[in-house]
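The listed protein sequences correspond, in order, to chains A and B.
Residue numbers for the first sequence follow numbering that gives the first Met the number 0, so the first one is 0 and each next one is one higher.
Residue numbers for the second sequence follow numbering that gives the first Met the number 0, so the first one is 0 and each next one is one higher.
No residue lacks a Cβ here, since even glycine has one placed at the ideal position from N, Cα and C.
Reviewing the structure listed below.
Protein chains: 2
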Amino acid sequence: MNSKTQNTSFQRQVPAGDTHERDVCTTCGFINYVNPKIVTGSIVRHNGKLLLCRRAIEPRTGFWTLPAGFMELGETAEQAAMREAREEANAEIVIDRLLAVYTIPRIAQVQIMYLAHLDGDAFSPGPESLDVMLASWDEIPWGELAFPSVRWALEQYRGVEGVTDFAPFSNPPGEFGGM
Amino acid sequence: MNSKTQNTSFQRQVPAGDTHERDVCTTCGFINYVNPKIVTGSIVRHNGKLLLCRRAIEPRTGFWTLPAGFMELGETAEQAAMREAREEANAEIVIDRLLAVYTIPRIAQVQIMYLAHLDGDAFSPGPESLDVMLASWDEIPWGELAFPSVRWALEQYRGVEGVTDFAPFSNPPGEFGGM
């Protein structure tokens with residue numbers, strides 16, 4: 000995260016024409032804008048089952064998640080979701096449509112979740128995963144999901160499985176991702 | 000933007016376990032992750048017309064845009080879109096659904112665009128707007144729109160006006176926001 004500054008010349012100020020306090024360098028005037036970061040991921044379908052990854056890294060090592068991660072510079076949101084499926088599950092995927100956009104204010108994340116399907120049928124654990132599986136609804140380890148938003152995405156998708164045209168979801172009412 | 004670093008102790012390195020080069024401080028190990036930033040905005044409807052704002056600030060001063068701007072810490076994407084309508088058009092809005100998620104890689108932006116409607120009927124230019132108006136399709140100043148993504152949102156919305164359930168849009172094929 001870039002919320003840490005390594006220099007004592009920063010002061011909290013509202014820059015001219017701005018509405019929010021920022022860290023402003025009193026030496027050079029540099030303004031360190033800190034904004035939410037984007038996580039992109041996907042529910043990847045294959046023969047009626049869904050691709051889940053068991054996390055090999057913190058946070059929530061050993062718990063199950065959807066392939067997802069921080070979006071990088073120089074890629075589209077869809078390309079970022081495809082890259083994450085490749086990195087975490089050695090899976091090539093095709094993006095079908097947007098499922099949901101969630102905000103987790105506590106950790107300053109916006110999560111953009113797509114519906115996708117496997118391109119081919121290859122998948123295996125990538126370096127950030129202990130294990131990967133294709134799970135039917137009954138096989139999803141609901142008690143061992145890594146994050147609330149993984150549950151949100153799976154439950155919301157279950158309600159529209161087989162439907163093409165629907166409005167994308169956001170946070171369930173009153174839920175903001177507290178663990 | 001936080002792409003500028005004010006200190007010569009940074010080196011480009013791939014941190015352990017990472018896949019991308021980052022600016023890493025050789026003194027303290029601080030990693031300056033730079034990721035895309037989020038712009039949220041909305042098409043605001045009122046009596047069949049759409050709310051447009053004439054920009055008072057750079058870039059594209061004098062051109063027409065939708066109320067939109069950078070998402071801040073501590074708010075949801077929907078709250079950010081509501082705040083932007085308040086700041087730019089003194090308008091209270093109700094978010095109806097998500098219209099589109101665009102990526103503009105050249106400027107490292109993801110734009111999250113909602114459909115909304117005016118709550119009440121008050122609106123007027125905020126400090127970042129020279130003028131605001133409610134425009135019918137025929138009144139939209141198509142030749143004086145500030146950004147390609149403003150045109151994308153308006154054109155894509157025109158194709159689904161009156162429809163509730165549709166998959167959200169992304170960049171038009173082959174378009175990445177070049178001016």
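Which stretch, first to last residue, makes up the alpha helix (DSSP H) that contains residue i?
i                 : result
VAL149 of chain A : 147 to 157
ARG179 of chain B : For chain B, the structure presents residues 0 to 178; residue 179 of chain B sits outside this window and is missing.
Could you tell me the distance, in whole angstroms, from the CA atom of residue i to the CA atom of residue j?
i                 : j                 : result
ARG157 of chain A : ASN34 of chain B  : 31 Å
ALA115 of chain B : VAL43 of chain B  : 5 Å
ARG86 of chain B  : GLN108 of chain A : Before going further, note that residue 86 of chain B is Glu rather than Arg in the sequence given. Cα-Cα distance, rounded: 23 Å.
ASP17 of chain A  : LEU133 of chain B : 26 Å
PRO195 of chain A : PHE168 of chain A : Chain A is shown only over 0 to 178; residue 195 of chain A falls outside these bounds and no answer can be derived.
TRP141 of chain B : HIS45 of chain B  : 19 Å
ILE106 of chain B : SER148 of chain B : 13 Å
PRO58 of chain A  : ILE94 of chain B  : 33 Å
GLU74 of chain B  : PRO104 of chain A : 6 Å
PRO172 of chain A : THR25 of chain A  : 42 Å
PHE69 of chain A  : GLN155 of chain A : 22 Å
MET0 of chain B   : SER135 of chain A : Confidence at MET0 of chain B is low in this model, with a pLDDT of 42, below 50, so the placement of that residue is unreliable and no value is reported for it.
GLU160 of chain A : GLU77 of chain A  : 20 Å
GLU83 of chain B  : LEU50 of chain A  : 37 Å
GLN110 of chain B : ILE30 of chain B  : 26 Å
ASP22 of chain A  : LEU72 of chain B  : 13 Å
ALA121 of chain B : HIS19 of chain B  : 48 Å
Report buried or exposed for residue i, applying the criterion of at least 16 other Cβ atoms within 10 angstroms of its Cβ.
i                 : result
GLY47 of chain A  : exposed
THR163 of chain B : exposed
GLU138 of chain A : exposed
GLN12 of chain B  : exposed
THR60 of chain B  : exposed
LYS3 of chain A   : Residue placement at LYS3 of chain A is flagged as unreliable, the pLDDT there being 49, under the threshold of 50; the coordinate-derived value follows with that caveat. That one is exposed.
SER41 of chain B  : buried
ALA145 of chain B : buried
Would you mind working out which of the options sits nearest residue i, comparing C-alpha positions?
i                 : options                               : result
CYS27 of chain B  : B:ILE42, B:GLY16, B:ILE37, B:GLN10    : B:GLN10
ARG96 of chain B  : A:MET70, A:ALA99, A:ASP95             : A:ALA99
MET112 of chain A : A:ALA79, A:ASP22, A:GLY119, A:GLY173  : A:ALA79
GLY119 of chain A : A:ALA76, A:ILE92, A:PRO171, A:ALA145  : A:ILE92
ASN89 of chain B  : B:VAL131, B:LEU72, B:GLU160, B:VAL159 : B:VAL131
PHE62 of chain A  : A:GLU143, A:SER8, A:HIS19, A:GLU174   : A:GLU143
The beta strand (DSSP E) spanning residue i covers which residue range?
i                 : result
GLY142 of chain B : Careful: GLY142 of chain B lies outside any beta strand (DSSP E) and carries neither H nor E.
LEU65 of chain B  : Unbroken run through LEU65 of chain B: none, as it is neither H nor E.
LEU72 of chain B  : Segment: none, LEU72 of chain B is in no beta strand (DSSP E) and carries neither H nor E.
ALA115 of chain B : 108 to 117
CYS24 of chain B  : 21 to 24
CYS27 of chain B  : From DSSP, CYS27 of chain B is part of no beta strand (DSSP E); its letter is neither H nor E.
SER169 of chain A : Careful: SER169 of chain A lies outside any beta strand (DSSP E) and carries neither H nor E.
SER128 of chain A : 128 to 134
State yes or no: is the beta carbon of residue i nearer than 7 Å to at least one beta carbon in chain D?
i                : result
HIS19 of chain B : Absent here is chain D; the protein component of the structure consists of chains A and B.
Under 8 Å: do the region 51 to 58 of chain A and the region 122 to 138 of chain A share three or more Cβ pairs, one atom per stretch? The region 51 to 58 of chain A and the region 122 to 138 of chain A touch, with no fewer than 3 CB-CB distances between them shorter than 8 Å.
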